[in-house]
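Visitor:
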Amino acid sequence: SRWVSASASRRTMAFCATMFFLMVRRYAAQSVRDRIETHPRLSPFVHALDKRAFALLLAIRLAPVLVYSWTNALFAISRLTTARYVFGTVVGATPRVAAGFAAGQAGLSIFEEIRSGVAPAWTAWLVLAAAIGLIALLGIVGKAWIESIRNADERSKSS
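Quick note on numbering: the sequence shown equals residues 1 to 159 in my numbering.
Below you can see the structure in the form of structure tokens.
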């Protein structure tokens, strides 16, 4: 039942992220994009975002340290299609949601055992440590992926 909850959480997260993405795209994206495209320093940024939007979306969703609302708005001004946005959000967030749920379940188990006066089982501590380690690893991998995308863009500009 806990993985059913994780699946429901992932669907709810994807739905809310998509609704925010669509609202920004509908009511603000074009005006923001017009301003950015006329700005000499920001114009290259929006064009680079358009070229690598899907890969960046996956990397950012994978990294558990970035705020969803900022990335929803960022990708709303890109040329990324809604279908690719939803797919990237669901696929990129799956490991993050699973690790978060595992950490939460292990932490709850430890808390309940301590509250009832029983020493927590070593397996609960192991699951909690593994989940926290996975969350940290996802952050490192996501950040490295974002950096590699940025470095590839810089190399393509210089050649």
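Just so it is clear, CB atoms sit at the ideal spot from N, CA and C, and this is done for glycine as well.
1) Would you call valine 118 buried or exposed, if buried means 16 or more other Cβ atoms sit within 10 Å of its Cβ?
2) Determine the burial state of glycine 142: buried for a count of at least 16 other Cβ atoms within 10 Å of its Cβ, exposed for fewer.
3) Could you give the DSSP three-state label for threonine 123: helix, strand or coil?
4) Taking glycine 139 and alanine 59 to be in contact with their CB atoms under 8 angstroms, please state how far apart those CB atoms are, rounded to whole angstroms.
5) So, with DSSP's three-state summary, where would you put valine 90?
6) Suppose only complete runs of 4+ residues qualify. What are the alpha helix (DSSP H) ranges in the stretch 1-34, listed by chain order?
7) Go ahead and pull the three-state DSSP assignment for arginine 41.
8) Exposed or buried, what is phenylalanine 111 when buried is set at 16 or more other beta-carbons lying within 10 Å of its beta-carbon?
9) When the Cα atoms are used, what is the spatial distance from alanine 55 to alanine 76?
10) Classify glycine 133 as buried or exposed, calling it buried when 16 or more other Cβ atoms lie within 10 Å of its own Cβ.
11) First and last residue of the alpha helix (DSSP H) that includes serine 69?
12) Considering only the beta carbon of each residue, do alanine 131 and alanine 93 sit closer than 9 angstroms?
13) Determine contact between the stretch 17-26 and the stretch 80-89, defined as no fewer than three beta-carbon pairs at a distance below 8 angstroms.
14) Measure from the C-beta of alanine 121 to each C-beta in chain B and report whether the shortest distance is under 9 angstroms.
15) Where does threonine 81 fall in DSSP's three states?
Guide: Short version:
1) It is exposed - the Cβ of valine 118 has fewer than 16 other Cβ atoms within 10 Å.
2) Around the Cβ of glycine 142, a 10 Å sphere holds 16 or more other Cβ atoms; the residue is buried.
3) In the structure shown, threonine 123 sits in a helix (DSSP, three-state: H, G or I).
4) Not really, about 11 angstroms apart at Cβ, beyond 8 angstroms.
5) The three-state reading of DSSP puts valine 90 in helix, counting H, G and I together.
6) As far as the stretch 1-34 is concerned, its whole alpha helix (DSSP H) runs of at least 4 residues are 2-24.
7) The answer is coil: DSSP assigns arginine 41 none of H, G, I, E or B.
8) With fewer than 16 other Cβ atoms within 10 Å, it is exposed.
9) One C-alpha to the other measures close to 15 angstroms.
10) Exposed is the call here.
11) DSSP places serine 69 inside the alpha helix (DSSP H), whose first and last residues are 68-76.
12) No. Outside cutoff.
13) Result yes; three or more Cβ-Cβ pairs closer than 8 angstroms.
14) In the structure shown, chain B does not exist; there is a single protein chain.
15) The three-state secondary structure of threonine 81, taken from DSSP, is coil.
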